[in-house]
Amino acid sequence: MSKYRGIVYASLIFFLAAGNSILLLGYPFAADHNDPNAVNSIFSDIDVSAADLYDLFGWPSDDTSGGEKVVLALTFASVPKAGVFDTDMLYRIKIYANERAVPPLKDDHSLESLLKYFDAVKDKYLHLKAAEVRVKVGQDDRAKVDFIDFPGGSFSQTIDTNKAVTVQSADGATIKVFVGGRDDAFFNDLPGFFRSINYAPQFYHVPHTMTDVRELPIPKTLIELEGNKLFNFDPQNPQHGQGVKLDLPQGPLTWSGKGYLKDRNGNYRFVYSGKDAQAGKNVNAIILEIPLGFITRSPKTDRIVNAWGESWVLKASHKVATIPDDRRPLMERISGSLKGLFSSQTGVEAELAGYKLVDTDGQAFADAALNEREDERQIGGNNFWLAPHFVTRLAHLGWGFGPSITALGLRTSFDHDNSPISVHRTYDSPILAFPRAKKVIFQELNMPDNKWNKKGLNIPLRRSFEIFVPNVNYIDMDTTGTWPYGRRPEDQVATRFLSLFLDMEAEINGKKYNIDMLGDQSLWNHVAIEPKTPPNPLKNDKEFLKQFPYLAEPW
Amino acid sequence: MRFLKPTLIAVTVIGLSFPLVSMIDRKSGSPTAYETELSRIQKDISDLKDGALSAPLDVAKATRFAYRVYQRAILSGNPADLQAAESAIDRAIGEIGPLADLYLLKANLDFRLHRLEKADRDINALSRFAGNAQIVALKAGIAFQQGGYQEAKKGYQSAIEKNPTWDNLARLAYWESKFGDPDLADGLYRQAEEEISAKEMRSYAWVELERGLLEFNRGRYEKAMAHYRQADKAYSGYWLVEEHIAELLAAQRKFDEAAALYKKVVARAPRPEFQQALGDLFLFMGKEDLAKPWHEQALAAYLESAGRGEVQYYHHLAGFYADVRQDGAEAVKWARKDAELRPNFITQDGLAWALYRNGQFPAALDAMEKTLSSGVKDSHLFFHAAMIHLAAGRTGEGKRLLKTVAEINPGYENFHVHR
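Structure, rendered in structure tokens:
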């Protein structure tokens, strides 16, 4: 989901390139900071990078012939193009399996206990040794796939890209692998999400120096604010924010209204359109179908597969070693080659030392909504230090989304003191934020029905704090793997994320609120709102495949 | 032992195969990294031109256009491109207004052209972003140029704390190379290299040049050459790398190779300082007739620049008159102008040396003492100091300084250019 980090990535690096380093000392040199960390597909002047991870899907395979298998699909920017890979990149999917834990903090809903819980998870997590699938694509367009530190051992295989292939481990496990271009499996009203959080770079040309002008200090909301000229839908310019950007106005970038916008019929205006902003777009992907028995020696008890993805870019110093040096005398070149043959600098660790970590992706929306898409917070599974921020950020979002949910006649899990209007409020400390967001953090997220629990086991409903810390895709092998028990391609996770702010104790039409409720068209048919649509599209622009590699062919 | 022979053959074949493969990989006539990047920038400029220059102005395109034109100037090293960049930035500001990004670009340009007051004003216009690491680093750079060395160091350290990027590390490394420990400087440069990805090979090459210069300034030519070769390998075809190599070849007394390379550099990046360097080399070789046209071209360009109101070549003019023409009065004139704009050890050294050439030994001594009080450690500067002390009758101190020069850089008498 790191595509939503979007703008913050841009930072100032573009202009840093303008010559700071050159002018260190008066030398004519410009730093070409074409750095994946500066990647931002929204900023027109910074190229998309192959390091920009998009999504990590993961679910128990529906095909159980030959035993249980887990499917993992890491998607990222299709640079240079779909099906063609950047040979300076290295991708890792880290995997570890463990038992399903007894739900923590069942009755103790205090901040102190929550923070202690995060500490305990951290200790456990940091001592785990995750196995890894490492992928690099060479100049010959073939992918070297390393399976590292699995209980069944480590092995490597070089495969063709853009073809589903089957590889065998030394212990006989059959693993399906696909490395190639695919349709972007994410379907989402991205501009709607940005409108809801008043995210200026989606709508305006925001100078790179103005890092404080990203999420503007305007209340977040699901329905438009009266007089919010900066972000409200403009019928005169309907594409504003959907490809059309305007110059950033000179005036105050704030809002001083009192209520929500209503049309002449008394309808609110939804910030969402329900349209798929990713339609027709491609990604590059690494897709795996791995037997659970290859991931753990105890597949009967280790029912949870945790996974996250990482992108690494080759360091310049290591790239230069691969550039042929034709000026060297022949004998020197020969001796250099021989040295390389017998160098102790081999192995997976040595290889990784030649790369820099750029991006991580684990849990859907962990980056997008909780980490404010900040580059320095792209720390992968190890996001424990963000735990206090998790509380303050949820409270900040709650002050925006909560009142707008109430205005729609629904019940919210956020305590906003019956505020009639969304409020822009930030917190420095979790102490004040926690009481407001307590229910958002601790409430169990109801599922729409029992299909997810395919074996009818006693599997507890998940809660926000368990979902987002650590930042991993948590795949429960006894479920269908639908979010938040994994993530299936067909899951509408953007809408499900919004449901964190619904009061799961409330009922509608005799049924408890649930994570898919906001995706139910019949709900919106009865709400005084335009357009009457679920916030995000209900399905992908291309049908997913029923068999491996599951994600659809690229456009 | 019957396996020995086949093993040796196998090892030899494997060993040979790599260089052969690499030779096969290399396509003769394929563009260098420098050419590839320059043509990409040129293409961007062409693509952006319409949106950037025609009404209604597209802010993003206009900003990017200005940046790309600037980038081209930096990359090409062509003074005409630099003028075009300045025009593009000014035009964009004039039409768009005081956009922060453009002001940062302008501040960098002004800084580069030694217009420190202007750069400072540009930065002040960005006061809203004062905490930004880029702004902090640029302010520190201005402080450095104005002689505020400790303030500069603090600024560089602060920038690193905010954003430990390679360029901020390189800034601190440069500071260390001048006022601290060269080994520490090299360590910082190495750290900077660790932060540079394969997508920034030019940046890596630049840091390698800096590391090479550290060695060069200590007379360690083989080590310097290794860094320069590494830079060339990382980013092929770059005149800046070749210019460093040319200087080193000349220091190694490989004069013909050096001259040939300088000519190539001048053809690609027709900058007067390179023309002067080539003239200096011929002079060093005792070929005054060959030196003359290059020196005349260089001087004409320096003076033309100054005539346009530009200030970036004042330092070169002072050095030129002091060392090439040995015209002390003219040297002092330009050195004073330079020192007024940038009161730092570089310009104060230039002024001291110009005064020395003009026979004003007590004044030269004063200026040099001011220079040395900065704490700078530089063999060429110490050599100037030694000469001035000797001329002023301070023989003991002059000899001590000469000894220090030789300790720092045993090759101090070899060919070098003033950077």
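If you read the protein sequences in the order shown, they are chains A and B. Those letters in the first sequence? Residues 2 to 556, per the numbering used here, in order. Those letters in the second sequence? Residues 15 to 433, per the numbering used here, in order. The beta carbon of each residue, even a glycine, is placed where N, CA and C say it ideally should be.
- Considering only 502(A), 251(A) and 524(A), the residue with the shortest C-alpha distance to residue 512(A) is 524(A).
- If you look at residue 167(A), you'll find it in the beta strand (DSSP E) that goes 166-169.
- For residue 91(A), there is no enclosing alpha helix (DSSP H); the enclosing beta strand (DSSP E) covers residues 90-99.
- Under DSSP, the beta-bridge partners assigned to residue 158(A) are 146(A).
- Residue pairing by DSSP places residue 488(A) opposite 59(A) in a beta bridge.
- In the three-state reduction of the DSSP assignment, residue 54(A) falls in the strand class, which pools E and B.
- Look at the beta carbons and you see the segment 269-288 of chain A touching the segment 529-538 of chain A: at least three pairs across the two are nearer than 8 Å.
- By the neighbour-count definition (other C-beta atoms within 10 Å, threshold 16), residue 526(A) is an exposed residue.
- In this structure, residue 266(A) keeps its C-beta atom at 8 Å or more from the C-beta atom of residue 182(A).
- Here residue 432(A) is exposed: its Cβ has fewer than 16 other Cβ atoms, across all protein chains shown, within 10 Å.
- In terms of CA proximity to residue 256(A), 216(A) leads the group 216(A), 211(A) and 546(A).
- With fewer than 16 other Cβ atoms from the protein chains shown falling within 10 Å of its own Cβ, residue 238(A) counts as exposed.
- Among the residues of chain A, none has a CB under 8 Å from the CB of residue 106(B); the nearest is roughly 12 Å distant.
- In the DSSP assignment, residue 285(A) falls within the beta strand (DSSP E) that extends over 283-292.
- Relative to residue 257(B), the option among 244(B), 292(B) and 54(B) whose CA is nearest is 292(B).
- Considering only 554(A), 550(A) and 556(A), the residue with the shortest C-alpha distance to residue 74(A) is 550(A).
- Residues of chain B with a Cβ closer than 9 Å to the Cβ of residue 315(A) are, in chain order, 211, 212 and 213.
- In the three-state reduction of the DSSP assignment, residue 112(B) falls in the coil class.
- The beta carbons of residue 160(A) and residue 180(A) sit closer together than 8 Å.
- Here residue 173(B) is near residue 147(B), since their CB atoms are less than 8 Å apart.
- Under the 10 Å beta carbon count, residue 487(A) is surrounded by 16 or more other beta carbons and is classified as buried.
- For the 8 Å CB-CB criterion, residue 130(B) and residue 156(B) form a contact.
- Neighbours of residue 244(B) across chain A, judged by C-beta separation under 7 Å: 321.
- Taken through DSSP and simplified to helix, strand or coil, residue 306(A) comes out as strand.
- Spatial neighbours of residue 243(A) in its own chain (CB-CB distance under 6 Å, excluding positions within 5 residues in sequence) are listed in chain order as 192.
- Counting of Cβ neighbours within 10 angstroms places residue 251(A) among the exposed residues, the total staying below 16.
- Cβ contact annotation for residue 419(B) (same chain, cutoff 7 Å, sequence separation greater than five): 393, 396, 397, 400 and 426, in chain order.
- Taking all protein chains shown into account, residue 246(A) has 16 or more neighbouring C-beta atoms within 10 Å of its C-beta and is therefore buried.
- Rounded to the nearest whole angstrom, the CA to CA distance from residue 158(B) to residue 519(A) is 59 Å.
- A direct Cα-to-Cα measurement between residue 205(A) and residue 411(A) gives close to 32 Å.
- Within the model, the alpha-carbon separation for residue 407(A) versus residue 71(A) is close to 40 Å.
- For residue 104(A), the number of other beta carbons within 10 angstroms of its own is below 16, and it is reported as exposed.
- When the beta-carbon positions are compared, residue 128(B) and residue 326(B) come within less than 8 Å of each other.
- Counting along the chain, the unbroken alpha helix (DSSP H) around residue 182(B) starts and ends at 180-193.
- Taken residue by residue, none of the segment 409-429 of chain A has a beta-carbon sitting less than 7 Å from a beta-carbon on chain B.
- Here residue 231(B) has 393 and 423 as same chain residues with Cβ atoms under 7 Å from its own Cβ, once five neighbours each way along the sequence are excluded.
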